[in-house]
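Asker:
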Amino acid sequence: MRCGVLHRWLGLLLTAAILYGGVPALASEGVVTSPAPPPRPIGAPLPLAPGAPGPLVLPAPPSAPAAAAQPAAPSDDARISHVALLLPLKSTAFGQHAEAVRNGFLAAAKVQGRVALPLRIYETGDDVQQVVAGYRQALAAGATVVVGPLTRSGVTAIVEAEPVPVPTLALNVPEGRATAPRNFYMLSLQAEAEARQVAQLAHQEGGRSVLTVSGDTPLMRRIHQAFVEEFTRLGGKLAAEIPFASDPAGLNRIKQVAGLGTADMAFLALDFQRARLARPYLEPLAIFATSQVHPGNVGPLAAFDLARVRFLDMPWLLQPDHTAVMVYPRQDYRDVVELDRFYALGIDAFRVANELLAGRLEIILDGVTGRLTLGPDQSFARMLTAAQFREGKLAVTGEPRR
0 MRCGVLHRWL GLLLTAAILY GGVPALASEG VVTSPAPPPR PIGAPLPLAP GAPGPLVLPA
60 PPSAPAAAAQ PAAPSDDARI SHVALLLPLK STAFGQHAEA VRNGFLAAAK VQGRVALPLR
120 IYETGDDVQQ VVAGYRQALA AGATVVVGPL TRSGVTAIVE AEPVPVPTLA LNVPEGRATA
180 PRNFYMLSLQ AEAEARQVAQ LAHQEGGRSV LTVSGDTPLM RRIHQAFVEE FTRLGGKLAA
240 EIPFASDPAG LNRIKQVAGL GTADMAFLAL DFQRARLARP YLEPLAIFAT SQVHPGNVGP
300 LAAFDLARVR FLDMPWLLQP DHTAVMVYPR QDYRDVVELD RFYALGIDAF RVANELLAGR
360 LEIILDGVTG RLTLGPDQSF ARMLTAAQFR EGKLAVTGEP RR
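Residue 0 is where the sequence shown starts when you use numbering that gives the first Met the number 0, and the numbers rise one by one after that.
Listed below in structure tokens is the structure:
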């Protein structure tokens, strides 16, 4: 049984690594401080009846063939102003993550009680042509706001091939450094943006010379690169870079370099299991990492193994009693913390979609995935919460300074 759970957890972790993306700079450095303009009406909203328990979810119109250039235009009677949720619910690789996003989105809508427009869910698979066809179908059916796609390939396809006539909130970032088209916004769990925030935190705490320990997976390499680029941009120095190896020789190598006195801090571009092994060999350095070291509910023994490690993560996982968090119901994802993260993304996606629906373009939200700020590049920066493993427990230390 334990072996099966472990295999399921590893599979979801690998899939989440793909969804976290591998492109530069999602988070914006800027913080918008001017007050948001008053909401303006959009179209002809269809509010729910007072006291309705949740959003009105309309059935999606018949699917258009993926190869079709454009879906057939529906009649005026069939066009209904709605919010479209475009997710890979039919995907073998990403279906569970898409389901978590959908559940979070619907949970947030139910908490609000009354919504301006009904919701339509457009299900796709892995083929980007299905994503493009679904996007066109949503527009033809009267979508006023589109939330999705979720995968990098899907987001890239929309950016490169499609006009964006209505506000569209992508839940990932496109490949490359292409400028986002008008009406196109991005909110994601991109790991590189998180690594840059950790570099800022480390520099704020006095770190000037860093020893890094990096794993060999593509995600770990991207996290490492993003951290080093930001840390050196801030004036810090890369004292040493050690590839992680779990054998005694590899661990002793970490201890040897940490004892040279050339670094005043360490950064772990590692997941939870690897970080547990490496941390004891990094005394007496201050140690920083990303949320990859936080798999959810860790036991006291694991927390002792990670003693003194500082990292950033979303309020949803670190501050369940926070006023912005506790109003939303939780799903039982057991120990698969990645699905919990995507559920939280769905909650914030609903809230951001409401802001876009109201025509607000200066957006600051106290979200469950972090403090959200819309930057000039049309992406949402997520200010995360700082935490540290101390004496077998997890202690929240607050938000990094900006």
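Cβ atoms here follow ideal geometry from the backbone N, Cα and C, with glycine treated the same way.
1. Counting Cβ pairs, one atom from each stretch, are 3 or more of them under 8 Å apart for the stretch 125 to 134 and the stretch 152 to 159?
2. Can you list, in chain order, the stretches of the alpha helix (DSSP H) that have 4 or more residues and sit fully within the stretch 122 to 173?
3. Opposite R309 in the DSSP bridges: which residues?
4. State the Cα-Cα distance for the pair A274 and R389, rounded to the nearest angstrom.
5. How long is the line joining the alpha carbons of A301 and H293, rounded to whole angstroms?
6. So, is L259 buried or exposed, given that buried needs 16 or more other C-beta atoms within 10 angstroms?
7. Could you give the uninterrupted runs of the alpha helix (DSSP H) lying entirely in the stretch 199 to 287, keeping only those of 4 residues or more?
8. Please report the distance separating the alpha-carbon of R252 from that of T216.
9. Using the Cα positions of S27 and A352, report the straight-line distance between them to the nearest angstrom.
10. Among all the DSSP beta bridges, which residues are the ones paired with H81?
11. Rounded to the nearest angstrom, what separates D125 and E98 at their Cα positions?
12. Which same chain residues, not among the five before or five after L168, have their C-beta less than 8 Å away from its C-beta?
13. What does a CB cutoff of less than 7 Å around T396 pick up in its chain, not counting 5 residues either side in sequence?
14. List the endpoints of the continuous alpha helix (DSSP H) containing K89.
15. Mind checking whether S245 and L218 have CB atoms under 9 Å apart?
16. For the beta strand (DSSP E) that R402 lies in, which residues bound it at each end?
17. Nearest to V308 by CA position, among T150, T289, G103, R181, is which residue?
18. Taking one C-beta from the stretch 328 to 344 and one from the stretch 80 to 92 each time, how about it: are there three or more such pairs within less than 8 Å?
19. Cβ of L138 within 9 Å of Cβ of P117?
20. Do you know how far the Cα of A142 is from the Cα of V56?
21. With which residues is T372 paired in a DSSP beta bridge?
22. By how many angstroms is the C-alpha of S208 removed from the C-alpha of Q111?
23. Using the Cα positions of Q255 and L210, report the straight-line distance between them to the nearest angstrom.
24. Can you look up V402 in the DSSP assignment and give me helix, strand or coil?
25. Who are the Cβ neighbours of H202 in its own chain at under 7 Å, not counting the five residues just before and after it?
26. D331 to H96, Cα distance in whole Å?
27. Considering just the uninterrupted stretch of the alpha helix (DSSP H) at A108, what are its terminal residues?
28. Ignore the nearest five residues each way along the sequence and tell me which others in A194's own chain have a CB closer than 6 Å to its CB.
29. How many Å lie between P34 and F379 at the Cα?
30. Could you tell me the distance, in whole angstroms, from the CA atom of V197 to the CA atom of P299?
31. Kindly indicate which residue of D270, D263, L269 has the alpha-carbon position closest to the one of P283.
Answerer: If we stick to the structure as given:
1. With a cut-off of 8 Å, the stretch 152 to 159 and the stretch 125 to 134 count as touching, because enough Cβ pairs lie within range.
2. 127 to 139, 151 to 160
3. In the DSSP assignment, R309 forms a beta bridge with F287, Q387.
4. 15 Å
5. 10 Å
6. Its Cβ having fewer than 16 others within 10 Å, L259 is exposed.
7. 217 to 232, 247 to 257, 271 to 277
8. Each residue's Cα considered, the two are about 20 Å apart.
9. With a pLDDT of 29 at S27, under the threshold of 50, the modelled position of that residue is not reliable, and the figure given next carries that caveat. So the alpha carbons of these two residues sit roughly 19 Å apart.
10. Answer by DSSP bridge pairing, in chain order: A142.
11. The alpha-carbon of D125 is positioned some 14 Å away from that of E98.
12. V144, V145, V146, G147, Y184, M185, L186, A348, V351, A352, L355
13. A385, A386, Q387
14. From DSSP, K89 is part of no alpha helix (DSSP H); its letter is neither H nor E.
15. no
16. Summary: the structure shown does not reach residue 402, with the chain confined to residues 0 through 401, and so no result is reported for it.
17. T289
18. no
19. no
20. Straight-line Cα distance between these residues: approximately 13 Å.
21. I363, A380
22. 47 Å
23. 11 Å
24. Look at the range of the chain in this structure, 0 to 401, and you will see that residue 402 is not part of it.
25. F230, L233, G235
26. 14 Å
27. 94 to 111
28. I222, A225, F226, T289
29. Any answer about P34 is weak, because its pLDDT of 34 lies below 50 and its placement is not dependable; what the coordinates show is given next. In this model, P34 and F379 are separated by some 17 Å (Cα to Cα).
30. 24 Å
31. Among D270, D263, L269, the Cα nearest to that of P283 is on D263.
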